[in-house]
Amino acid sequence: FLGSLALFHLMTGNVPLVGAETSVDRSGGIVGSVMAFPLERLSGFWGAFVILLAVIGVGALLVTGATIGDVVSAGARSARSFWNWVGMARVQRSVPTEATAAATIVDDAPLEVAAPKPKAKRKSAKAKQTPRAEAVKVATPSTTDGYQLPPLDMLHLSKRSGHDGRGLKETGEALEEALKQHGVDARLTRIVPGPTVTRYEIELAPGVKVNKVTNLSNDIAYALASADVRILAPIPGKSAIGVEVPNRKRQLVTAGDILRSDVAQADHDPMLVSLGMDVSGTPRMLRLTELPHMLIAGATGAGKSSCINSLLTSLLVRSTPEEVRLILVDPKRVELGQYNDAPHLLTRVITNPKKAADALQWAVAEMDRRYDLLADAGVRDIDSYREKYDAGGVDEEMFDRFPYIVIVVDELNDLMMVAGRVVEDSIVRIAQMARAVGIHLVLATQRPSVNVITGVIKANIPSRLAFSVASQTDSRVIIDQAGADKLVGLGDMLVVTSRDPKPERIQGSFVSEAEIHAVVEWVKAQRETQYRDTEVFEQAKQQAADVEEFDGEDPEIMRQAIELIVRSQLGSTSMLQRKLRIGFARAGRVMDILESKGVVGPSEGSKARSVLITEDELTSILG
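In UniProt numbering, the protein residues as written are 1 to 623.
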């Protein structure tokens with residue numbers, strides 16, 4: 001208090017005590033004059049100013065009981081909070097690039113919370129000056145026949161909120177303390193906050209084994225008062241271990257955040273679809289032509305349907321019906337019905353599992369037809385074929401510019417229960433060969449078991465999205481390793497692709513029913529829907545009739561068997577095994593069917609059956 005009076009007296013003119021009583025009263029009073037006037041004479045104005053500030057500071061410490069270290073720490077925290085607030089405010093003001101700006105990381109300080117780079121801020125400021133309509137125009141390719149793609153402002157942006165820098169640092173300190181208590185010498189080097197989880201990156205001291213940290217996941221979760229933590233050891237490309245802790249307050253990631261980001265607007269590929277944001281908040285997209293097929297699995301309510309809706313909305317927003325066509329299979333009848341009458345659909349949304357199996361068989365036949373066209377055109381894949389077609393290198397009367405076909409199955413389990421063999425055979429054929437002709441599969445199931453996700457299907461579909469599951473066993477069925485059991489649900493997923501087999505954690509994007517309805521209504525107004533139900537299902541009916549003709553046996557196998565037996569005039573079961581590469585039981589069944597059709601005679605023990613028709617009659621039998 002005395003120091004304050006003296007400082008006030010000094011700042012108001014330092015009036016001498018003698019002969020200026022009125023001025024002294026208007027300054028610091030007699031006490032302030034007694035202290036300030038001699039100090040100013042002895043050390044000058046600035047010297048007295050510094051001495052009085054020191055006196056005030058010491059007095060404040062004595063009164064509050066605080067230490068100099070406490071004051072310094074409080075000042076540092078205040079400064080850090082202020083700059084974090086400033087950085088997040090700048091990110092929030094940049095609507096088109098807010099997700100990208102929030103994701104960039106700085107590596108200067110030994111320990112820091114990820115913050116926007118200056119370059120990203122300049123880009124955000126520039127994007128802010130650009131009208132929204134112009135941004136939408138940049139993101140869309142040229143229209144065909146007057147077809148206008150839906151405007152991106154139909155998809156809403158989420159409200160981004162800043163992260164609590166102080167809380168993140170306190171959690172990091174608690175993590176270091178927990179590791180120390182369990183005998184792990186480690187140092188926290190970086191904090192990367194994301195929409196769902198925050199990754200704490202730690203470096204181990206020389207000689208400390210990585211397994212020593214991975215075995216402490218439950219103890220770390222207990223120390224941090226968290227439901228669960230996931231340990232990424234090591235982080236790909238770094239000599240560090242990542243401890244992913246769920247945020248107490250999650251941030252919503254919308255399809256608008258992804259499709260209106262710089263990443264989406266810079267690429268016009270119609271097969272580039274919205275996925276979500278990674279741990280650092282960077283928008284992530286998937287190119288279906290590179291996957292080329294995708295398996296989505298997880299427990300009920302984990303976010304599979306939201307992921308499919310985001311994927312389909314991306315295709316409707318970024319492509320025309322001439323570029324992409326869809327076949328949607330929805331045995332649950334309630335998830336995909338809102339897409340009916342969209343011009344991109346080849347058929348109405350299929351809800352009958354048997355019709356879904358028919359559609360898959362049609363896709364196999366369409367794949368074979370397209371390969372024939374590629375061979376006739378002398379090209380290797382759909383991209384080369386389209387370039388040659390657009391350049392006039394093929395006869396348009398004999399060839400067609402076929403679009404990409406995306407087949408989406410929302411519940412694979414129902415299809416496997418009703419027509420498992422037909423469905424699995426069709427899926428395997430498409431997965432093995434259909435990439436080059438532009439046919440792609442997206443399969444989803446809530447039952448991650450080996451009866452649904454068979455080994456053959458897994459071997460041919462390496463790109464998989466694992467949502468939250470109940471156990472490590474289910475996680476291993478989907479992505480061949482544990483980790484999905486540590487997810488927190490609501491769109492939190494692990495992504496494994498053929499190019500990157502290491503699981504990457506992504507928060508899936510969300511699109512509301514109102515946004516889907518608005519997009520579908522827009523595309524319906526642009527083009528009349530032209531379904532091809534008759535073409536798709538009539539071909540399947542013909543195949544079913546062929547199967548029924550041979551009592552359920554594969555018509556192709558039966559035709560080969562008839563031709564082989566008649567030409568060789570030898571009705572031998574063992575010969576069918578060798579030539580057709582089928583088992584003994586199946587070869588015996590084929591021979592029994594041929595007996596019922598009058599092709600061979602009855603069994604005569606170990607002797608070969610007699611053949612009842614000649615080669616001249618073979619044509620009439622095969623039709």
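By construction, the Cβ of each residue, glycine as well, lies at the ideal position given by its N, Cα and C atoms.
Because the structure is a prediction, the values reported are computed rather than measured.
In the structure shown, residue 353 falls within a helical segment according to DSSP collapsed to helix, strand and coil. A Cβ-Cβ contact shorter than 7 angstroms links residue 439 with residue 367. Distance from the CA of residue 331 to the CA of residue 352, rounded to the nearest whole angstrom, comes to 6 angstroms.
Taken through DSSP and simplified to helix, strand or coil, residue 147 comes out as coil.
Apart from the 5 residues on each side of it in sequence, residue 594 sits with its Cβ closer than 6 angstroms to the Cβ of 600 in its chain, given in chain order.
Contact between residue 254 and residue 157 holds: CB atoms are separated by about 6 angstroms, below the 8 angstroms threshold. Non-local beta-carbon contacts of residue 195 in its own chain, meaning distances under 7 angstroms to residues more than five positions away in sequence, involve 250, 251, 253, 277, 281 and 507 in chain order. Annotation: the continuous alpha helix (DSSP H) that includes residue 262 extends over 262-265.
Residue 303 carries a coil assignment under DSSP once its states are collapsed to helix, strand and coil. With a cut-off of 8 angstroms on Cβ pairs, the segment 323-341 is in contact with the segment 410-419, counting three or more such pairs.
Under the three-state reduction of DSSP, residue 613 is assigned to coil, being neither helix nor strand. By the neighbour-count definition (other C-beta atoms within 10 Å, threshold 16), residue 584 is an exposed residue. Checking the DSSP bridge columns, you'll see residue 440 partnered with 406.
For a cut-off of 8 angstroms, the C-beta gap from residue 371 to residue 437 is around 6 angstroms, short enough to register as a contact. Of 229, 49 and 302, the smallest CA-CA separation from residue 244 is found for 229. In this structure, residue 448 lies near residue 478, with their beta-carbon atoms less than 7 angstroms apart.
At a Cβ-Cβ threshold of 7 angstroms, residue 168 and residue 295 do not count as neighbours. In this model, residue 499 and residue 411 are separated by some 26 angstroms (Cα to Cα). With fewer than 16 other CB atoms across the displayed protein chains lying within 10 angstroms of its CB, residue 236 is exposed. Listed in chain order, the non-local C-beta contacts of residue 450 below 7 angstroms within the same chain comprise 477, local neighbours out to five positions each way being set aside. Pairing residue 184 with residue 307, the inter-Cα distance amounts to about 39 angstroms. In terms of CA proximity to residue 240, 202 leads the group 202, 423 and 572.
Around residue 610, the same chain offers 571, 600 and 601 as residues with beta carbons nearer than 7 angstroms, after the five sequence neighbours per side are excluded. In this structure, 441 is the residue among 263, 268, 441 and 213 with its C-alpha nearest to the C-alpha of residue 288.
Taking one beta carbon from each stretch, the segment 341-359 and the segment 311-325 have 3 or more pairs nearer than 8 angstroms; the two touch. About 14 angstroms separates the Cβ atoms of residue 219 and residue 186, ruling out a contact at the 8 angstroms cut-off. By the neighbour-count criterion, in which a residue is buried when 16 or more other Cβ atoms sit within 10 angstroms of its Cβ, residue 68 is exposed.
C-alpha of residue 152 to C-alpha of residue 526: approximately 16 angstroms in a straight line. Residue 357 sits close to residue 419, with the two beta carbons spaced by under 7 angstroms.
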